[in-house]
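Peer 1: Right, I'll just put the structure down here and ask away after.
There are 2 protein chains.
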Amino acid sequence: MNAPDLTRPPLTIRRISLDTGRENVAVISRRSRALRPEVFRGFSRVELRINSKVLLATLMITDDDAMIGPDEVGLSEPAFRRFNEPVGSAVSVTPARSPASLDAVRAKIQGHTLSAAEITAIVDDLAHFRYSDMEIAAFLISAARFTTTDELLALVGAMASVGTKLTWDTPIVVDKHCIGGIPGNRTTMIVVPIVAAHGLMIPKTSSRAITSPAGTADTMELLARVDLDVEQMKQVVHACGGCLVWGGHVNLSPADDILISVERPLSLDTPEQMVASIMSKKLAAGSTRLLIDFPVGPSAKVTSANEAMRLRKLFEFVGDHFGISVEVVTTDGRQPIGRGIGPVLEARDVMAVLGNKPGAPADLREKSLRLAAHLLEYDPKLRGGTGYARAKELLDSGAALKKMQQIIDAQGPSPCPAELGSYAADVLAAADGVVNGIDCLRINRLARSAGAPVAKGAGIDLFKKIGDRVEKGEPLYRVYASDRSEFDLALAAAQAESGFAINHHTPADVDLVS
Amino acid sequence: MNAPDLTRPPLTIRRISLDTGRENVAVISRRSRALRPEVFRGFSRVELRINSKVLLATLMITDDDAMIGPDEVGLSEPAFRRFNEPVGSAVSVTPARSPASLDAVRAKIQGHTLSAAEITAIVDDLAHFRYSDMEIAAFLISAARFTTTDELLALVGAMASVGTKLTWDTPIVVDKHCIGGIPGNRTTMIVVPIVAAHGLMIPKTSSRAITSPAGTADTMELLARVDLDVEQMKQVVHACGGCLVWGGHVNLSPADDILISVERPLSLDTPEQMVASIMSKKLAAGSTRLLIDFPVGPSAKVTSANEAMRLRKLFEFVGDHFGISVEVVTTDGRQPIGRGIGPVLEARDVMAVLGNKPGAPADLREKSLRLAAHLLEYDPKLRGGTGYARAKELLDSGAALKKMQQIIDAQGPSPCPAELGSYAADVLAAADGVVNGIDCLRINRLARSAGAPVAKGAGIDLFKKIGDRVEKGEPLYRVYASDRSEFDLALAAAQAESGFAINHHTPADVDLVS
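Here the protein sequences come in this chain order: A and B. So in the working numbering, spot 276 of the first sequence is number 261, and the numbers just go up one at a time. So in the working numbering, spot 100 of the second sequence is number 85, and the numbers just go up one at a time.
As structure tokens, this is what we get:
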């Protein structure tokens, strides 16, 4: 009795210019020939079917025949793209039941643990857009309450198995990942060319900024094209031994992208979800050696050594299970790395380090060298303990810069002009003293409100870092924006609260990479 | 820095014929003058503001100027209605942050208990449509995991306080509620006229069917108008001492309606949420004496005496706290009550009982009398133990029927024709034996697939009940439908699995009302 009602006439597909993000949306007329719209309300779910092809969508109802007539069903942009059938095709539209895997989610809500088969079914339905927003939220929140280690392993395995699975013809495929939160922390763009110049394979995919003023992909985009598909990425890696591309077109762990799109608005952030997200992507990417950077600081994502330890163990446990050698380093996350925050400014810092320019940010150089050193030690041919010296040699000799240029050429020319925002003003110290702290969250927010990362030239250029002595009225940093109203807002906010703590203590020294 | 960006030009409101149900939806152009749509994705949240009036909405983006131009913002039907500003009004549109109360939801997800103030803030935001679907799901699921008794009391109080709060000029205001799940269980339409005929006040609001083939409001609608607003309802109660109206226009506990709209698609159903839903509505309705009917049976909502006990204690606890005298009766929920299932058939049964017609269903009559007896005992002037006799007297004498007629006249004429579906066929016994069980879930589904409650004349008319002897080929029930394809589907499903268990045991006897 739950079979589709095939005796009703099919509707013809029409495309509606509505970008509804992740959610599939279908529109029918209140006088539809194929459905009794009285039984529907807005945001019910319907099933569209052509032969064996099925799409689940959230329903909206219109009274406007110009939008959708009684014989039509309208598909929003993402639904139209995913269903991939031409306008005018005949499609059956029936009420949809929830995906069967939702029973497991309900059990999880009640406190049961899930089997690997149940988790695999959930991830499969997620990745194929069969869950509504609410249903995704239901899964995430039930899992946020508790996730057993067995559940976590099943989740990582299932997430890595849907979507692209890359394999490489060498046993040592290195990768690095930073859990984020630190402005200006663009070490990846220095580490990748060093490691590739040495001869280890490092096929790096990165994200665009989600809540920060720049991601590696946003910054790299100023130097080269980053929206490569899988085949194009493989060509670059085979030619250069490494790449710096955006993960968006490579489709590694698509379920993760979907989960993140709900975690973000709900600000859900549990260790297990972080580990599942990162490890599923690395597993799908074919990485075998992974270095993870945990910045620790009062305004970083990880605020204490205990928290870092727990998270490290979780990464190691999952890595061991899947045959990925995971190494976690805790780094100084008390302040931004480098000087620039925002894509253009960060690209400037990266190229200054790679080019051994005078005035290149020493902390960005030093951190990148230390991370690269860890990765180079994965090379069995390198004598133990010489990774740092080798990294420094590759950077100082210009080999890393040359490799970066090769990667840029292979990926293709950047589509973006690398211009700084035309509005700029300095934010000044309110008193004499020593910089004792820089609030990373605050600096991130200021750079975002100035327009970064959408406005590539917007952001913040730091003149002072922790330990620097400042005089009242001396500039702390410069705010850049490309848009007048964003500039006014960001500057006013920075002047109200700069994010700098200035007093007369001398800050404690912290080792950069543990 | 999170202040609205007032330096951007406002947009003008346009109305879009899209019924998006509970969710507020706003549409802007990808080339919008007031927003940088690049920073948005579909299903981001935006804040619309005119002076101090604010609406939160989920955003969709269009490339079609004919739908929404760069100077416009489109509001879906519910958003337009709720914002209540004319087409063409200038409105500022800015990115919306989540409601502040969502921090408490996040704490709850992490396992914290919430204060009364936090719960009140959540309910206030819910009732004012400030939560997205996902956010509502987040709250429900965090609460489904555990809800303390203090949290439950705070929830009931907060839910009852938003929306209409009815007060009556008498200390004894009786009410009844059935937790549902039993087909044909239309006792309310018999109990209300008996109790009102006696002289106790019983201002009854009922729901339409959500997952069953008929609600009291759907059935009553065949006899009288039910979509009364608060003032009209009060007039009926003052004139008749009781009413039988749909709760939808009375706006008791609007937060409950919103929670239910998410609980339903997720099939969330915890004791605490059931208690919060029912008790908040009764408190808002001004009820002081409440009788709750728990049908217990293998396919009922409550399947065991232990479960019934736990739920009863929870209702009593909340009732005591808010000064509502709650009495719970467990009733026989092993099979449907009466013969008809579906609005027209159920209205027929109700009127047969009220009219003392020969052949009126004895079980529906008996159960209604027993429930009415419990309610009549709330009258201090009635001698203890005489409630049943008094109820029977009011029914047998025709006083209850007369009262029903008075209520019908006061509420106004029914807008619906009371015609049975024109397609009908009998479902036959597959073997000789005795009816040992009737699956309530199955019967509900069959009646729904036949078209009930939307098709008022669709449903099932039972010829056999538990304990009846049947011969192979004898009709068990008749399926009615108004639509050919629904008829075919329902009949095929019924023939595949009738919902009747027939064997050679004699079923155990169960007392009707405990």
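No residue lacks a Cβ here, since even glycine has one placed at the ideal position from N, Cα and C. The structure displayed is predicted, hence computed values, not measured ones.
(1) Can B/G370 and B/E378 be called in contact, C-beta distance under 9 Å?
(2) In the DSSP assignment, what residue or residues form a beta bridge with B/P156?
(3) Would DSSP call A/P(-11) helix, strand or coil?
(4) Determine, for B/E120, whether the minimum Cβ-Cβ distance to residues of chain A falls below 9 Å.
(5) In the DSSP assignment, what are the bridge partners of B/V58?
(6) Which residues in the same chain as B/A409 place their Cβ atom closer than 6 Å to its Cβ, once the five residues preceding and following it in sequence are excluded?
(7) Check the DSSP bridge columns for A/D473 and list the partner residues they point to.
(8) Which residues share a DSSP beta bridge with A/N488?
(9) Give me the chain B residues within the contact set of A/A123, using Cβ-Cβ distance strictly less than 7 Å, ordered along the chain.
(10) Is the beta carbon of B/A101 closer than 9 Å to that of B/A139?
(11) Is the region 328 to 335 of chain B touching the region 443 to 459 of chain B, taking contact as three or more C-beta pairs under 8 Å?
(12) Exposed or buried, what is B/G96 when buried is set at 16 or more other beta-carbons lying within 10 Å of its beta-carbon?
(13) Inspect the beta-carbon positions of B/G142 and B/F302 and report whether they are closer than 9 Å.
(14) Nearest to B/S467 by CA position, among B/L251, B/T105 and B/P402, is which residue?
(15) Within the region 290 to 320 of chain A, note down every full alpha helix (DSSP H) run reaching 4 residues or more, in order along the chain.
(16) Which partner residues of A/P346 appear in the DSSP bridge assignment?
(17) Kindly provide the ranges of any beta strand (DSSP E) runs that are 3 or more residues long and lie completely inside the region 121 to 188 of chain A, ordered along the chain.
(18) What residue from B/L275, B/A240, B/S252 and B/V281 has the CA that sits closest to B/S536's CA?
(19) Against A/I46, what residues of chain B qualify as contacts under a CB-to-CB distance less than 8 Å, listed in chain order?
(20) Name, in chain order, the residues that DSSP records as bridge partners for A/R454.
(21) Using a Cβ-Cβ cut-off of 9 Å, state whether A/Q95 counts as contacting chain B.
(22) Can you check DSSP and say which residues form a bridge with A/Y462?
(23) Measuring alpha carbon to alpha carbon, tell me which residue in B/D411, B/L60, B/V39 and B/G397 is nearest B/R115.
(24) Please go through the same chain and pick out, in chain order, the residues whose beta-carbon is closer than 6 Å to the beta-carbon of B/A197, but skip the five residues on each side of it.
(25) From the beta carbon of B/S117, is the nearest beta carbon of chain A less than 9 Å away?
(26) Within its chain, find whatever has a CB closer than 6 Å to the CB of A/R333; leave out the 5 residues flanking it on each side and keep chain order.
(27) If contacts are defined as beta-carbon pairs under 8 Å, then A/L275 and A/D160 qualify, I think. What distance do you get, rounded to the angstrom?
(28) Report the CB separation of A/L87 from A/E120 in whole angstroms; it is logged as a contact under 8 Å.
(29) Contact between the region 230 to 239 of chain B and the region 189 to 196 of chain B: three or more CB pairs below 8 Å?
(30) Less than 8 Å between the CB atoms is what I'm expecting for A/A111 and A/L244, so what's the real figure, rounded?
(31) How is A/E482 classed by DSSP in three states: helix, strand or coil?
(32) State yes or no: is the beta carbon of A/D259 nearer than 9 Å to at least one beta carbon in chain B?
(33) Confirm, please, whether the CB-CB distance from B/P178 to B/A479 is below 9 Å.
(34) The beta strand (DSSP E) that contains A/T43, what's its start and end?
(35) Can you look up A/S467 in the DSSP assignment and give me helix, strand or coil?
(36) Please report whether the beta-carbon of A/V211 lies at a distance below 9 Å from any beta-carbon of chain B.
Peer 2: According to the structure shown:
(1) no
(2) Its beta-bridge partners do not exist; DSSP assigns none.
(3) Confidence at A/P(-11) is low in this model, with a pLDDT of 40, below 50, so the placement of that residue is unreliable and no value is reported for it.
(4) yes
(5) B/I(-2) and B/I13
(6) R463 and Y465
(7) BP columns for A/D473 are empty, so no partner.
(8) A/V419
(9) A122, I126 and L251
(10) yes
(11) yes
(12) exposed
(13) no
(14) B/P402
(15) 290 to 307
(16) Beta-bridge pairing links A/P346 to no other residue.
(17) 159 to 163
(18) Because chain B is modelled from -14 through 499, residue 536 of chain B falls outside the range shown and cannot be assessed.
(19) L3 and D4
(20) A/V419
(21) yes
(22) A/V412 and A/L447
(23) B/V39
(24) Just to set this straight, residue 197 of chain B is Ser in the shown sequence, not Ala. Cβ neighbours of B/S197 beyond the five flanking positions: N429.
(25) yes
(26) G325
(27) 5 Å
(28) 6 Å
(29) yes
(30) It should be noted that the sequence gives Leu, not Ala, for residue 111 of chain A. Confirmed, about 7 Å.
(31) coil
(32) A quick correction: the sequence has Met, not Asp, at residue 259 of chain A. Not one chain B Cβ lies under 9 Å of A/M259.
(33) no
(34) K38 to T47
(35) coil
(36) no
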